[in-house]
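The structure appears below as structure tokens.
In this note's numbering, the protein residues as written are 204 to 383.
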């Protein structure tokens with residue numbers, strides 16, 4: 204990465220998002236890994252342990268499932284790279300905690316924090332709009348809200364990557380090419 208930039212890495216489950224985001228973050232000298240997952244069952248606990256083992260020991264770590272912006276505001280100083288993994292779980296956590304949460308405001312607060320500090324950010328999120336329409340109302344609302352949240356972040360991002368089968372596709376470059 205050259206200079207400060209915001210990078211969004213999107214994709215489906217097990218598409219290689221986290222691995223690619225970690226590779227991007229490795230160019231940073233002082234990296235803060237921000238995790239939003241909560242270990243609510245054995246499977247998620249195993250995923251968290253695997254993610255922890257996959258990243259360099261010298262990276263700082265912040266784990267915060269809900270009050271992400273405030274926690275990050277206290278921690279990002281002194282880091283040149285922030286890897287936030289992931290928006291998917293953060294949005295889910297917020298919606299389960301408060302069904303009336305103002306998600307666009309949360310997205311804007313997150314981006315305002317990015318604008319106020321000097322580190323480059325790499326943000327991971329799932330693209331949930333490509334699969335089957337969820338059978339439940341909560342599932343449909345979640346897919347819609349996460350899609351809108353991703354669009355807000357993507358609009359500000361310098362780079363947006365879509366991961367499929369471990370392969371990155373540069374969406375911002377394709378978007379610029381199609382409007383030229």
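The beta-carbon is built from N, C-alpha and C at its ideal position, and this holds for glycine as well. Please read these numbers as outputs of a predicted model, since none were measured by experiment.
{"Asked": "Continuous beta strand (DSSP E) stretch holding residue 214: start and end", "Found": "209–214"}
{"Asked": "Contact set for residue 274: own chain, Cβ-Cβ below 7 Å, skip 5 residues either direction", "Found": "265 and 267"}
{"Asked": "Cutoff 7 Å; reference residue 208; Cβ partners in own chain excluding five residues on either side", "Found": "323, 361 and 362"}
{"Asked": "Span separating the alpha-carbon of residue 316 from that of residue 276", "Found": "7 Å"}
{"Asked": "Between the CA atoms of residue 242 and residue 342 - distance to the nearest angstrom", "Found": "21 Å"}
{"Asked": "Burial state of residue 350 (16 or more Cβ within 10 Å)", "Found": "exposed"}
{"Asked": "Three-way DSSP call (helix, strand, coil) for residue 307 in this model", "Found": "helix"}
{"Asked": "Sub-8 Å separation of residue 237 and residue 228 beta-carbons", "Found": "no"}
{"Asked": "Cβ-based neighbour list, residue 304, same chain, cut-off 8 Å, excluding 5 preceding and 5 following", "Found": "297 and 298"}
{"Asked": "CB contact flag (residue 368, residue 218, <8 Å)", "Found": "yes"}
{"Asked": "C-beta atoms of residue 212 and residue 355 nearer than 8 Å", "Found": "no"}
{"Asked": "Own chain residues within Cβ distance below 8 Å of residue 321, not counting five before or after", "Found": "207 and 283"}
{"Asked": "Residue 366 burial status per 10 Å Cβ neighbour count (16 or more: buried)", "Found": "buried"}
{"Asked": "Ordered list of alpha helix (DSSP H) runs contained in the region 273–318, each at least 4 residues", "Found": "290–300"}
{"Asked": "Residue 222 beta carbon less than 8 Å from that of residue 293", "Found": "no"}
{"Asked": "Residues near residue 312 by beta carbon distance below 6 Å, same chain, minus five either side", "Found": "272"}
{"Asked": "Residues that residue 323 bridges to, as DSSP identifies them", "Found": "284"}
{"Asked": "Nearest-angstrom Cα separation, counted from residue 329 out to residue 289", "Found": "8 Å"}
{"Asked": "Integer Cβ distance of residue 331 from residue 346, believed to fall under 8 Å", "Found": "5 Å"}
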